[in-house]
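There are 6 protein chains.
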Amino acid sequence: MQKLTQTANTLIEALPYIRQWSGKTFVIKYGGAAMIDPSLKRSVAQDIALLHYVGVNVVLVHGGGPEISQMMKKLGKQPVFVQGQRVTDEETMEIAQMVLVGKVNQDIVSLINAAGARAVGLSGKDADMIVARKMQHPEVDLGWVGEVVSINRHVIDALTEAGYVVVISPLGVGENGETYNINADMVAGDIAVALQAEKLLVLSDVRGIMRNVEAPETLISTLTVAEAERLEAEGIISEGMIPKVESCLRAVKGGVPRAHLLDGRLPHCLLMEVFTNEGVGTMIQ
Amino acid sequence: MQKLTQTANTLIEALPYIRQWSGKTFVIKYGGAAMIDPSLKRSVAQDIALLHYVGVNVVLVHGGGPEISQMMKKLGKQPVFVQGQRVTDEETMEIAQMVLVGKVNQDIVSLINAAGARAVGLSGKDADMIVARKMQHPEVDLGWVGEVVSINRHVIDALTEAGYVVVISPLGVGENGETYNINADMVAGDIAVALQAEKLLVLSDVRGIMRNVEAPETLISTLTVAEAERLEAEGIISEGMIPKVESCLRAVKGGVPRAHLLDGRLPHCLLMEVFTNEGVGTMIQ
Amino acid sequence: MQKLTQTANTLIEALPYIRQWSGKTFVIKYGGAAMIDPSLKRSVAQDIALLHYVGVNVVLVHGGGPEISQMMKKLGKQPVFVQGQRVTDEETMEIAQMVLVGKVNQDIVSLINAAGARAVGLSGKDADMIVARKMQHPEVDLGWVGEVVSINRHVIDALTEAGYVVVISPLGVGENGETYNINADMVAGDIAVALQAEKLLVLSDVRGIMRNVEAPETLISTLTVAEAERLEAEGIISEGMIPKVESCLRAVKGGVPRAHLLDGRLPHCLLMEVFTNEGVGTMIQ
Amino acid sequence: MQKLTQTANTLIEALPYIRQWSGKTFVIKYGGAAMIDPSLKRSVAQDIALLHYVGVNVVLVHGGGPEISQMMKKLGKQPVFVQGQRVTDEETMEIAQMVLVGKVNQDIVSLINAAGARAVGLSGKDADMIVARKMQHPEVDLGWVGEVVSINRHVIDALTEAGYVVVISPLGVGENGETYNINADMVAGDIAVALQAEKLLVLSDVRGIMRNVEAPETLISTLTVAEAERLEAEGIISEGMIPKVESCLRAVKGGVPRAHLLDGRLPHCLLMEVFTNEGVGTMIQ
Amino acid sequence: MQKLTQTANTLIEALPYIRQWSGKTFVIKYGGAAMIDPSLKRSVAQDIALLHYVGVNVVLVHGGGPEISQMMKKLGKQPVFVQGQRVTDEETMEIAQMVLVGKVNQDIVSLINAAGARAVGLSGKDADMIVARKMQHPEVDLGWVGEVVSINRHVIDALTEAGYVVVISPLGVGENGETYNINADMVAGDIAVALQAEKLLVLSDVRGIMRNVEAPETLISTLTVAEAERLEAEGIISEGMIPKVESCLRAVKGGVPRAHLLDGRLPHCLLMEVFTNEGVGTMIQ
Amino acid sequence: MQKLTQTANTLIEALPYIRQWSGKTFVIKYGGAAMIDPSLKRSVAQDIALLHYVGVNVVLVHGGGPEISQMMKKLGKQPVFVQGQRVTDEETMEIAQMVLVGKVNQDIVSLINAAGARAVGLSGKDADMIVARKMQHPEVDLGWVGEVVSINRHVIDALTEAGYVVVISPLGVGENGETYNINADMVAGDIAVALQAEKLLVLSDVRGIMRNVEAPETLISTLTVAEAERLEAEGIISEGMIPKVESCLRAVKGGVPRAHLLDGRLPHCLLMEVFTNEGVGTMIQ
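Sequence lines, in order, name chains V, F, X, Z, P and W. Offset between the first sequence (1-based) and my numbering: plus 1. Offset between the second sequence (1-based) and my numbering: plus 1. Offset between the third sequence (1-based) and my numbering: plus 1. Offset between the fourth sequence (1-based) and my numbering: plus 1. Offset between the fifth sequence (1-based) and my numbering: plus 1. Offset between the sixth sequence (1-based) and my numbering: plus 1.
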């Protein structure tokens, strides 16, 4: 009976948050440890199913760098990176697409289906959803690395209205039909803006933005855009976090009320953030 | 952090139930202690708001015998009962209507609104929703005591589709426009059938059906219609519970898959029943 | 046959008006003699049913001062008024709510149903429809007397679109969920503005605005807002009519094309006003 | 004021009928004197506009024999009839179409528009609405005289749902696209069946069915199908009335609850029939 | 097999055009040789059916001057023209209406139906679609010759949304219900503007605008509004073409992207214009 | 001009077919040479875009055996087949999914998008669309080779209604969420039945069913189900064609009016079949 009471109390404590988010859209950038550890994977899928059932439209954008590199190696090809960007020749692009769309995306769809919601996977090429162009680099030719030009939200809307969780692989299509590999953080930010989402939730492998990366107690709970930009300018944001912070800034500047950097290593970090008063990680608004 | 984890885990445990009930209709018969104790009142309202937000259409039918008797006494009129039925002369009918519609119903609407859902109160006279006729008694004239002839569900549908919790006072309208006072348990059962509800949940002041009323451990968790009728025939069901059991039987025979007798004295008994594996009280199916 | 011809001719004369009002919304403030005399009550209900069937969305706001005072006396409580406002302590508020919602409103619903349309009663507390705050008085504390802060029209729209006449009791809900008793004339004016009604029709116990209350022939048929305000400033409008005139002014200033002060003692005064060329009473535009 | 009261009373007396017919479909066969006398023409148009505004879907089928004969003569062609059927050669068919669709129908549309509703004229050829075949005659070749094979109601529905009164010329289209002239009474009956109309109202130049055509007091108010067939067999129904009675019988046998033979010489006979208790003419049910 | 290949190739070449026009509205002014020669008539009807099936909303406006004159002569009446305008007395107006609505329009409807689409004929009097006023002439009274005041597009929309091709006779209705005969070119231009059509296509009996009417090779393929107005001012546009050019200019100035003058003597000129790269005739944009 | 005329004539000859198929659903099984040769690939994509624009709902199911084998070899794994079925261990399943969903499907989506329609790729795992179970083989364990249990058409409907061509990879999901590789011919047949398609069109690398595979002139144009089964029993159908014929039989028995075996080596064979009188290949009905 004590267990029953506790269950009921917890649900009631979540009620104000359920009320607040019902009918809204959340864009989740999924990657890092939460996409590797089987137990964390299941936990994320459950969080998404729950969000779905309390009335949130969930759109997930995933990355997949490690899986791509692993497959490249299996196929006897050495990954090359320039300043964090994967140099993407024709063959690499093909492998990346195959891994992202044919493996990573489908695995996520299966996980969410298993958790009881119904998910549909899309790539940015489906319905010409993500229009892209070649990313210019001052010194090297990055190959088929692209950046977002525009988002056609119509297919996402058709699927969320039909009751599906949408899972998106970060590929884009150029004006001649060519395929681009795009940074998933950036795609997530742009999709959050295109959908006028209520929240962008970015999963990473750190606790959030910390003044001192070594000292967990220096975690910053809340930042304005201006403050985040100052921290970035001051070099306090670690290199690995820069695309994630940039994605959040893009979203907030584009009209998304709040963007969150969450620690994906924490089971159920999505629920903790959105259904409790304390929240976890860093919120940019 | 431990608290956060526990919150998340509880929500995840509730997920299969949320999935199961989302989009379904529950009819709740509200009365007894749960309608008197302020803390229980708040607890029921919160349960309803939560059910509403996870996608359940909630329709509540309330009683109000004690409040009617109290107001009658204030107005210098002595309540008279024959075999549990209130003898209802013209003046009593007017007081009953005033108390049920103008006091009890409005209080419940306020409580649910305060818990964050939006409720609308109706009587069975609104939109000629509950069509009734005089209840015949072999020996005495019970006055304006009625029984349900038919339910016009259109106004209930219009309001639930518009996103409201509907709160119903158990009055009926006769073929000449006259008003009838009807047993709320019976109204709840008939409305559950008319709406083809997924569940009828009847709150009472006992733990459920017990083989021995003195021995809580004799609580019966599950009963078929046939078994319930046998228990009734054997006199094992206490007199006070008979209308509640009858209401459940009527619902199940009319196509409602499950009807529940719950202990309204237990805070959050609605959530305990529908969001946990164990359940509480007696289920008739 | 002569009778038949006359019937046909009358209907045909009404045709231009039917065409004009079809699909529009009328807000009716119901009170005074028309709410007491049984034959007048039936006449108002028939007028409303007819308006409903020729395509007008009818929303009625009722008062109920005399019924409240009567019930207070029955319960041994003396009504107290300060400058026309009822001092409303907790107990008075409870009685007022019970009488307005549980008696007056339900009686009107029954009358309209009997006349062949289908009506649904609401109080301003249902769906948090009328948001209110305490009315401040320079000298005395009026208790739970409120004024309108805002109107949530969604529930009214849901019911009129579903084909119902809506009957509203003039209660409001404060920001902490407390109940306020509000002047029905004012509620009617505010609802007419919120619904962007075509007409506000206020029933009273006088013939309209007269230059000389003793001389019926001084009835003013048409007034602009400016003229009405001048008459008010000059003290020509009797005290009892001030809230009604204020309600009309509020409506017209808020975008309602025409507001009418009608003599509710006249059977079918609503039909006479809206379906004939001459009209009755005073129109403010 | 007396006039106002009378207007109001008349409207109220019509209320039960308005309620009864609102949302239903009436098919009117228009012809005879009511299509010639300017004042009667206006009266029919007003009746239709009123029916339209109280929520009736009005579909009118017109004839036009005299106008066709007149135009034929102007063009130097002699009309020929065999047993009441116009022998219709190619040229006659062309004239008939021109007169029915280009003159009679458009005049009716103008009259209804002038009365304040909005009408749209169609021929049975529009949208292949009336599919027809050649009518066989045992002895003579009647030329392009047709009979109804089937009715495509889709275009009628599209226009009534869009708020228009539909005016139909009785032409049909054969399987090779050829045009047929069809008896308007029969078309009206078939359209009433296809639309599952509530009423078929046939205007003629007699008072109804009379046992003795010379004695108005022998008018029969109500007939069953069986009785009407008996009268027909007994030769009591005059030759001119036979197609009209046949049309009514076809309608009632096809599921139309009531068909009426009305005296079109009586101004506002439509309103008299449908909005009063007495009714006029003969009803077949 | 060669034939099959050619069919497939042709369809594929048409694909980019089909894509471009799908879901758009085309207004076609139909007249001249294309309305006389049986084979051209069939060809236009097929073109329209094809446009309809690849998703174009087709609205056709027809003329009929020769047919009117012919009927007038048959009825012993001499047509009179003043500067190209038909002087239209009462009787002429009646004949014009009869011929346009009852003959020409119905013939076109039949042709389109035979080609496999479904057409519905309307005159500008139906649903008060074309509101008109008397055209003033400085010297003579032209009688019932009108010009467009405004277009009520609602009935056109209702029919195109229901899947019909709409065929319109160029009559208008004045403010007192009187009928006007209007130049069909002008009606077509105004309807194209009212519908915000993608194209206005005007069929004529010349190849387009030519610098030298005698020299086909001087055909001008494309003109801006300014250029067309200059040519008109310079007297290079032949008198007979002036109303057609004016109609095109009106359309383009009113927001129609492109208006085309096509040679109706060319079979399938509509398809040639809209489904090939070269196009035919003169385009004004 | 001759070219223009020919274009127009061809389009007009296609009109009756366009009319016939507009609004219907075609399921296309895509594979073989038509999926390898770049020019054939483009031709299929164009055919699909054209079908889409003339109002056909196109759903394509693709195979991909050769691509899977090729990738397996690149990854150092030897494909093993038992009676035409690929023995599918865990690693093979993963490669198959990656190649089908991440490469073949996306390539088809790109081709169709380039041809001007908008395509969306799905696997049978998306939205749990294809529910499957393990295929039993009497002697060997085929691993993750499955057969269809049921099709959830909801996601296909959502996308076709939103205006997309749907491209499906033949994977299925088992009751424990496991992935199955399924024969694409069979999936196409089952989806045609689930969608109650108008046609199933199966592309292969032969001309159709021939009595003598060596003699093209023995091609059979039309077969009933019974005849096809007889030919199969007589061993006249070549082994490679058996799954394709079986898929057609399944479709026709399940209510699809016609199934076609087409020669995918023929450019635009889809258009030739559906837009000409002759047709190509073998039709089973």
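Yeah, the Cβ is synthetic: ideal placement off N, Cα and C, and Gly gets one too.
Please identify the residue among Glu14(F), Glu199(F) and Glu233(F) whose C-alpha is closest to the C-alpha of Asn278(F). On the second sequence, position 277 is the one that residue 278(F) refers to. Looking at the Cα atoms, Glu14(F) is the closest of the given residues.
9 angstroms Cβ cut-off: residues of chain X touching Leu16(Z): Within the fourth sequence, the letter at position 15 stands for residue 16(Z). Per Cβ cutoff of 9 angstroms: Gln47, Ala50, Leu51, Tyr54, Ala116 and Gly117.
Cβ of Arg231(P) within 8 angstroms of Cβ of Ile221(P)? Residue mapping note: residue 231(P) aligns to position 230 of the fifth sequence, counting from 1. Residue mapping note: residue 221(P) aligns to position 220 of the fifth sequence, counting from 1. Not a contact, by the Cβ cut-off of 8 angstroms.
In this structure, how does DSSP classify Ala135(X) when only helix, strand and coil are distinguished? Within the third sequence, the letter at position 134 stands for residue 135(X). The question names Ala, but residue 135(X) in the sequence shown is Lys. Here Lys135(X) sits in strand by DSSP.
Does DSSP put Met36(P) in a helix, in a strand, or in coil? Here residue 36(P) is taken as the residue at index 35 of the fifth sequence, counted from 1. Three-state DSSP puts Met36(P) in a helix.
Assuming Leu5(W) and Met273(P) are in contact, meaning their beta carbons sit under 8 angstroms apart, how far apart are those beta carbons, in whole angstroms? Looking up residue 5(W) in the sixth sequence gives position 4. Looking up residue 273(P) in the fifth sequence gives position 272. The Cβ separation is near 4 angstroms, so the contact holds.
Can you tell me which residues form a DSSP beta bridge with His1(V)? Look at the range of chain V in this structure, 2 to 286, and you will see that residue 1(V) is not part of it.
Just checking: is the beta-carbon of Val281(F) within a distance shorter than 8 angstroms of some beta-carbon in chain V? Position 280 of the second sequence holds residue 281(F). Interface criterion met: the Cβ of Val281(F) is under 8 angstroms from a Cβ in chain V.
In chain order, which beta strand (DSSP E) runs of at least 3 residues are fully inside the region 68-141 of chain Z? 120-124 and 131-135
Closest Cβ-Cβ distance between Tyr165(V) and chain A: below 8 angstroms? Absent from the structure is chain A; the protein chains it does hold are V, F, X, Z, P and W.
Min CB distance Gln7(F) to chain V below 8 angstroms: Along the second sequence, read from residue 1 onward, the residue named residue 7(F) stands at position 6. For Gln7(F), the answer is yes, since a Cβ of chain V falls inside 8 angstroms of its Cβ.
Applying a beta-carbon distance threshold of less than 8 angstroms, which residues of chain X neighbour Met211(Z)? The sequence position of residue 211(Z) within the fourth sequence is 210, counting from 1. Simply none; closest approach about 16 angstroms.
For Ile37(X), does the count of other Cβ atoms within 10 angstroms reach 16, so buried, or fall short, so exposed? Translated into positions along the third sequence, residue 37(X) becomes position 36. Exposed is the call here.
Can you pull the chain V neighbours of Gln107(W), defined as C-beta to C-beta under 9 angstroms? If you number the sixth sequence from 1, residue 107(W) lands on position 106. What Gln107(W) touches in chain V: Gln98, Met99, Val102, Gly103, Ser124, Lys126, Asp127, Leu172 and Thr180.
Can you round the beta-carbon distance between Thr180(X) and Gln107(X) to whole angstroms, since I take them to be within the 8 angstroms contact cut? Counted from its first residue, the third sequence places residue 180(X) at position 179. Counted from its first residue, the third sequence places residue 107(X) at position 106. The Cβ separation is near 18 angstroms, so there is no contact.
Beta-carbon gap between Leu204(Z) and Gly33(Z) smaller than 8 angstroms: Translated into the one-based positions of the fourth sequence, residue 204(Z) becomes position 203. Translated into the one-based positions of the fourth sequence, residue 33(Z) becomes position 32. Yes; because the gap between Cβ atoms is below 8 angstroms, this pair is in contact.
Of all Cβ atoms in chain V, is any one closer than 8 angstroms to the Cβ of Arg20(F)? Here the question's residue 20(F) lines up with position 19 in the second sequence. Yes, its Cβ sits closer than 8 angstroms to a Cβ of chain V.
Going along the chain, which residues of its own chain have a beta-carbon closer than 6 angstroms to the beta-carbon of Ala116(Z), five neighbours each way excluded? For the purposes of this step, residue 116(Z) is identified with residue 115 of the fourth sequence, where counting begins at 1. Counting only Cβ-Cβ distances below 6 angstroms, and skipping sequence neighbours, we find Ala46, Gln47 and Ala50.
Between which two residues does the alpha helix (DSSP H) holding Tyr18(F) run? As a working mapping, residue 18(F) is identified with position 17 in the second sequence. Boundaries of the alpha helix (DSSP H) around Tyr18(F): Gln3 to Trp22.
Can you tell me where the beta strand (DSSP E) holding Leu61(F) begins and where it ends? Reading the second sequence from its first residue, position 60 is the one you call residue 61(F). From DSSP, the beta strand (DSSP E) with Leu61(F) extends over Asn58 to His63.
Under 8 angstroms between the Cβ atoms of Tyr54(P) and Val156(Z)? Residue mapping note: residue 54(P) aligns to position 53 of the fifth sequence, counting from 1. Residue mapping note: residue 156(Z) aligns to position 155 of the fourth sequence, counting from 1. Against a cut-off of 8 angstroms, the Cβ pair of Val156(Z) and Tyr54(P) comes out as no contact.
Assign Lys25(F) to one of three DSSP states: helix, strand, or coil. The residue you call residue 25(F) lines up with position 24 of the second sequence. Three-state result, Lys25(F): coil.
CA nearest to the CA of Cys270(P), picked from Gly209(P), Thr11(P) and Ala159(P): For the purposes of this step, residue 270(P) is taken as residue 269 along the fifth sequence, with counting starting at 1. Checking every option, the nearest Cα to that of Cys270(P) belongs to Gly209(P).
For a contact defined as C-beta to C-beta under 7 angstroms, what are the partners of Leu160(X) on chain F? Here residue 160(X) corresponds to residue number 159 of the third sequence, with the count starting at 1. Ala159, listed in chain order.
List the endpoints of the continuous beta strand (DSSP E) containing Leu172(W). Walking along the sixth sequence from the start, residue 172(W) turns up at place 171. Looking at the DSSP string, the run of the beta strand (DSSP E) that includes Leu172(W) is Leu172 to Val174.
Along the beta strand (DSSP E) that carries Ile152(V), what are the first and last residues, could you check? Residue 152(V) sits at position 151 when you count from the first residue of the first sequence. Per DSSP, Ile152(V) belongs to the beta strand (DSSP E) from Val146 to Ile152.
Measure from the C-beta of Ser111(V) to each C-beta in chain F and report whether the shortest distance is under 8 angstroms. Within the first sequence, numbered from 1, the residue matching residue 111(V) stands at position 110. For Ser111(V), the answer is no, since every Cβ of chain F falls outside 8 angstroms of its Cβ.
In the region 208-235 of chain Z, which residue ranges form an unbroken alpha helix (DSSP H) of at least 4 residues, counting only runs that do not cross its ends? 226-234
Unbroken beta strand (DSSP E) run spanning Ile183(W), endpoints: For the purposes of this step, residue 183(W) is identified with residue 182 of the sixth sequence, where counting begins at 1. For Ile183(W), the enclosing beta strand (DSSP E) stretches over residues Thr180 to Ile183.
Quick check on the DSSP output: the alpha helix (DSSP H) that includes Val253(X) runs from which residue to which? For the purposes of this step, residue 253(X) is taken as residue 252 along the third sequence, with counting starting at 1. First-last of the alpha helix (DSSP H) with Val253(X): Ile243 to Lys254.
On the criterion of 16 or more Cβ atoms from any shown chain inside 10 Å, does Ala348(F) qualify as buried, or is it exposed? With chain F covering 2 to 286 only, the question about residue 348(F) has no answer from this structure.
Secondary structure at Ile157(P), three-state DSSP: helix, strand or coil? Counting from one through the fifth sequence, the residue named residue 157(P) turns up at place 156. Looking at Ile157(P) - three-state DSSP - the assignment turns out to be helix.
Would you check if the distance between the CB atom of Lys104(F) and the CB atom of Glu95(X) is smaller than 8 angstroms? As a position in the second sequence, residue 104(F) is number 103, starting the count at 1. As a position in the third sequence, residue 95(X) is number 94, starting the count at 1. Yes, the Cβ-Cβ distance between Lys104(F) and Glu95(X) is below 8 angstroms.
Of the listed residues Lys200(P), Leu262(P), Pro268(P) and Val226(P), nearest to Ser23(P) (C-alpha basis): The residue labelled residue 23(P) in the question sits at position 22 within the fifth sequence. When only C-alpha atoms are compared, the closest one is Lys200(P).
Determine whether the Cβ of Ser40(Z) lies closer than 8 angstroms to any Cβ atom of chain X. One-based indexing of the fourth sequence puts residue 40(Z) at position 39. Taking Cβ atoms only, chain X never reaches closer than 8 angstroms to Ser40(Z), which makes this a no.
Specify the secondary structure class of Val167(X) as computed by DSSP and reduced to three states. Here residue 167(X) refers to the residue found at position 166 when the third sequence is read from its first residue. Of the three classes helix, strand and coil, the one that applies to Val167(X) here is strand, per DSSP.
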